[in-house]
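Here's the structure, in structure tokens; my notes come after.
There are 2 protein chains.
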Amino acid sequence: MRKINTRNFVRATRGTAREINRRIVLNLVKEHQPISRADLARRMRIGRGMVTSLVAELLADGSIYEGSTAHAPRGRKPMMLFVRTHDRLAVAVDVRFSRTYLMLSDFSGRPIALDEFETIPDPIALVAGLARRIQRLLKARDAKSKVNGVGLVVPGMVDATSGRILNAPQLGWRDVDVRAALEKATNLPVHIENAPIACALAQMWLGDGDTETPRDFVYLTVGDGVGTGVVVNGEVVRGHDNTAGEFGHVPLNPNGPQCLCGARGCLEAYASNLATLSRYLGQEFSPTETRRLLQESGITILDVIARARDGERRAIDAVEETAGRLGEGLAIVINALNPSRIYVGGEITELWEQIEPAMRRKIRERALTVKAAETPLVPEPASSYPRLRGATAIVAAPVYAAPQVA
Amino acid sequence: MRKINTRNFVRATRGTAREINRRIVLNLVKEHQPISRADLARRMRIGRGMVTSLVAELLADGSIYEGSTAHAPRGRKPMMLFVRTHDRLAVAVDVRFSRTYLMLSDFSGRPIALDEFETIPDPIALVAGLARRIQRLLKARDAKSKVNGVGLVVPGMVDATSGRILNAPQLGWRDVDVRAALEKATNLPVHIENAPIACALAQMWLGDGDTETPRDFVYLTVGDGVGTGVVVNGEVVRGHDNTAGEFGHVPLNPNGPQCLCGARGCLEAYASNLATLSRYLGQEFSPTETRRLLQESGITILDVIARARDGERRAIDAVEETAGRLGEGLAIVINALNPSRIYVGGEITELWEQIEPAMRRKIRERALTVKAAETPLVPEPASSYPRLRGATAIVAAPVYAAPQVA
DNA sequence: GCGGATTTGTTCAAATTACGAACAATATCG
DNA sequence: CGATATTGTTCGTAATTTGAACAAATCCGC
Chain A
28 MRKINTRNFV RATRGTAREI NRRIVLNLVK EHQPISRADL ARRMRIGRGM
78 VTSLVAELLA DGSIYEGSTA HAPRGRKPMM LFVRTHDRLA VAVDVRFSRT
128 YLMLSDFSGR PIALDEFETI PDPIALVAGL ARRIQRLLKA RDAKSKVNGV
178 GLVVPGMVDA TSGRILNAPQ LGWRDVDVRA ALEKATNLPV HIENAPIACA
228 LAQMWLGDGD TETPRDFVYL TVGDGVGTGV VVNGEVVRGH DNTAGEFGHV
278 PLNPNGPQCL CGARGCLEAY ASNLATLSRY LGQEFSPTET RRLLQESGIT
328 ILDVIARARD GERRAIDAVE ETAGRLGEGL AIVINALNPS RIYVGGEITE
378 LWEQIEPAMR RKIRERALTV KAAETPLVPE PASSYPRLRG ATAIVAAPVY
428 AAPQVA
Chain B
28 MRKINTRNFV RATRGTAREI NRRIVLNLVK EHQPISRADL ARRMRIGRGM
78 VTSLVAELLA DGSIYEGSTA HAPRGRKPMM LFVRTHDRLA VAVDVRFSRT
128 YLMLSDFSGR PIALDEFETI PDPIALVAGL ARRIQRLLKA RDAKSKVNGV
178 GLVVPGMVDA TSGRILNAPQ LGWRDVDVRA ALEKATNLPV HIENAPIACA
228 LAQMWLGDGD TETPRDFVYL TVGDGVGTGV VVNGEVVRGH DNTAGEFGHV
278 PLNPNGPQCL CGARGCLEAY ASNLATLSRY LGQEFSPTET RRLLQESGIT
328 ILDVIARARD GERRAIDAVE ETAGRLGEGL AIVINALNPS RIYVGGEITE
378 LWEQIEPAMR RKIRERALTV KAAETPLVPE PASSYPRLRG ATAIVAAPVY
428 AAPQVA
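Top line first, the protein sequences correspond to chains A and B. Under my numbering, the first residue of the first sequence carries the number 28, and numbering increases by one thereafter. Under my numbering, the first residue of the second sequence carries the number 28, and numbering increases by one thereafter.
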């Protein structure tokens, strides 16, 4: 039951009902393909004439296509419909502290081409370099005419409506607008998004049809920082000033280690990759000190993960402690939001069999109900490029989203 | 940008656009009254003919009425429209541990009659007694024909769709269905809701037109427990199993006092009324022990509040410690959800001038951004009966809510 | 092999509603 | 008192949902 905002509403027009139904058809094709007109009519409880009309429009605008006919026990064989994704493309960009990743993908998130380069700290210079690479990529693939837009994902607070990057500490960016410049340089629409939210949007919009994507879920990213993308009632939670989802800065212990945000004992200070490395090196979490030691020793999170997999006790202890802390943090998320599912992304998920029990144990200790304690945790390995897929998702999403009325 | 759930959607029909526009008109009248047809046409950017038609329907179904004409500098004086609430009634019920409160109110939440009685622990007996009181109340006020339904609010987890009370520990109720019996006994539709969520819904649906109710806000209730009602994107957050909003069980200190939920150091263990009383009595939070001492001494939270107001140091210290803890908890809420506003309900708000600085100080320590740290906190005294108003809201809400399509 | 039955997909007329223009009613101004 | 302006109502047109009828394509039983 949603409230109408009388200061910011969209009234219905003659085309509203038709637009809603056309989107429903498109989503049904996308998630239940192959599907016939008669199938659609049955699912939507409308006449086949109506379906023919709506499908004709979607065929005409290139959203779907007709494929094979299917077997029918009797009568005319149905013509099966498919969503067109393979030749509808997006440019996905993932800007991180040290490297920036680029992917040309289709609308289902399937990678066509990948590229990467060292992140240039100055946003203007970064955009210039990025635009050149995008042009080359599109030219090499003869793809310019098939691209709907560019999705760009950053590790920080983003106003997705205006495209401004409000604060991205890891990049040293504050109140930065790269969207206009990139649109001008590429002649493509550009969408900007916060990294954990983008990961969540990838699950929402590019999830495979096999497993139904829930409408209330959380995506937890474990990397240099710990962040969450929250989806409630089928919509991302951004918050009033676009700073929602900072479960990484929920304190597990008020007397715990100093976090980068200035507070003490945040989930991030216990469970980020840096925190795991600190623990592995046998010292309390201290970002500057730990970074110095890491630079000296050259150890990375992937090293620790490999050592844990190989049975090294110190590595196993470090990782399991992190898992327990993640469990504590997830218990808070579960009590606060009661999501249907929690996706967990980050390198640490490569040790899922080892960390899941520790996480689950802590969740069971603190979740309010038995059912809540059983909230499914779904790992997502870094190798599926969740942030890049998220960048694709923010380009594709407007095509599939419900019309915003009332 | 909301996702369409292809397994549970509502398609648009011929009447959809009209229904949406009619709801928009109704909400505009409700929140911007008095308002004329021409005003409505301008705000909605539609023709006056269309408005005349929609308004005629709302007049006919009794949602609005025509009032005075208003001044116009030139031309025909406009006929002002008002929402009808004064003779559209709801029965509101607030079931608490020791007493149950009953209110007959109109659709704006204005109380017409109040009643209360001792809560009968057995739900079947409670419903029987409640139904008798409701019948008497309606008969005394000759109101049977004007009542839209009954709203019943409990302190526990509720499946609002089915009306089942999943778990209400304070009442000792688990998996209880009082709705069907109460509907049968009163011949009225019955809506069941969780108490903090109901308080939030009161803000959303019965809020006065003067201050715009935000679409992202949190309602924190401080009483026997500490709970939250969360609204995101104009919709209440219930969670997958209807257990969302339990920010009261977010831990402030993992080694803190034992909470009723079984964990240690929950916000509730630090900031509920019982926790404040424990502190006042100079002992660590222990529900059973504290309750015993309170029973012996006869001291209540209102006593402590009165003493704090009178300047008694021990009472002031107890209350300010609670305020600080609430601030810590609110900082977590703010970082996690970034709401536009936080309403705070409970007896402790009677000392708002004293507790607000302590809360704000803690929030500033821990909120991630300066702007987030300035999230408005709005006190709501117990004397405005937020739970009863919430019960009214859940009856009235379906009349005003946006049609659920797509 | 053909007529009957069934299913899918298309076409078309009717009903409903958004849309916009014209008109009616009511007011003020010069 | 006529001109002008504003509000509210009426009415015709255009767009779309709705449902029936028809066309196309298939399988089955005789």
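Note that the Cβ used here is the ideal one computed from N, Cα and C, for glycine as well.
Would you mind sorting residue i into buried or exposed? The rule is 16 or more other CB atoms within 10 Å of its CB.
i              : result
Q310 (chain B) : exposed
V30 (chain A)  : Checking the sequence, you will find Lys at residue 30 (chain A) rather than Val. Result: buried.
V397 (chain A) : exposed
R434 (chain B) : Lying outside 28 to 433, the shown extent of chain B, residue 434 (chain B) is not represented and no answer is given.
D243 (chain B) : buried
G289 (chain A) : exposed
G421 (chain A) : The sequence shown places Ile at residue 421 (chain A), rather than the Gly named in the question. Under this definition I421 (chain A) is a buried residue.
E323 (chain A) : exposed
D88 (chain B)  : exposed
G157 (chain A) : According to the sequence as given, residue 157 (chain A) is Leu; it is not Gly. Buried, by the Cβ-count rule.
G176 (chain A) : buried
F312 (chain A) : buried
D344 (chain A) : exposed
I382 (chain A) : buried
R414 (chain B) : buried
P148 (chain A) : exposed
S172 (chain B) : exposed
K299 (chain A) : This sequence places Ser at residue 299 (chain A); Lys is not what is there. Burial call: buried.
Do residue i and residue j have their C-beta atoms closer together than 9 Å?
i              : j              : result
V118 (chain B) : M130 (chain B) : yes
Y427 (chain B) : K57 (chain B)  : yes
V217 (chain B) : G190 (chain B) : yes
G256 (chain A) : G266 (chain A) : no
N365 (chain A) : A399 (chain A) : yes
Q285 (chain A) : V258 (chain A) : no
E295 (chain B) : L287 (chain B) : yes
R72 (chain B)  : R306 (chain A) : no
A227 (chain B) : G74 (chain B)  : no
Where do the ends of the beta strand (DSSP E) carrying residue i lie?
i              : result
M106 (chain A) : 106–110
E220 (chain A) : 217–221
Y92 (chain B)  : 91–96
G254 (chain B) : 253–259
R319 (chain B) : Unbroken run through R319 (chain B) is the alpha helix (DSSP H), 314–324; no beta strand (DSSP E).
G351 (chain B) : First-last for G351 (chain B): 340–364, but that is the alpha helix (DSSP H), not the beta strand (DSSP E).
L193 (chain B) : 191–195
Leaving aside the five residues before and after residue i along the sequence, list all residues of the same chain whose C-beta is less than 7 Å from its C-beta, in chain order.
i              : result
H113 (chain B) : D133
E46 (chain A)  : P430
I390 (chain B) : G354, L357, A358, I361, A400
R168 (chain A) : L131, I139, A140
G283 (chain B) : R291, G292, A296, Y297
Assuming residue i contacts residue j (C-beta within less than 8 Å), just tell me the rounded distance between them.
i              : j              : result
L164 (chain A) : D142 (chain A) : 6 Å
N54 (chain B)  : T315 (chain A) : Their Cβ separation, rounded to whole angstroms, is 54 Å, which puts N54 (chain B) and T315 (chain A) out of contact at 8 Å.
R49 (chain B)  : E84 (chain B)  : 6 Å
G325 (chain A) : G250 (chain A) : Actually they do not touch by this definition, with Cβ atoms about 19 Å apart.
L395 (chain B) : H276 (chain A) : 6 Å
T435 (chain A) : A44 (chain B)  : Residue 435 (chain A) lies beyond the stretch modelled for chain A, which goes from 28 to 433, so this question has no answer here.
I332 (chain A) : L378 (chain A) : 6 Å
Q197 (chain B) : G183 (chain B) : 7 Å
E407 (chain A) : V371 (chain A) : 7 Å
Starting from residue i and walking both ways along the alpha helix (DSSP H), at which residues does that stretch end?
i              : result
M386 (chain A) : 379–393
P413 (chain A) : 413–427
G156 (chain B) : 150–167
I328 (chain B) : 328–336
Which residues in the same chain as residue i place their Cβ atom closer than 8 Å to its Cβ, once the five residues preceding and following it in sequence are excluded?
i              : result
V82 (chain B)  : V52, R64, L67, I91, L108
T240 (chain A) : Q230, M231, G234
Going along the chain, which residues of its own chain have a beta-carbon closer than 6 Å to the beta-carbon of residue i, five neighbours each way excluded?
i              : result
I219 (chain A) : L179, V185, G190, R206
I375 (chain A) : V249
M386 (chain B) : A350, L353, G354
D337 (chain A) : none
V437 (chain B) : Residue 437 (chain B) lies beyond the stretch modelled for chain B, which goes from 28 to 433, so this question has no answer here.
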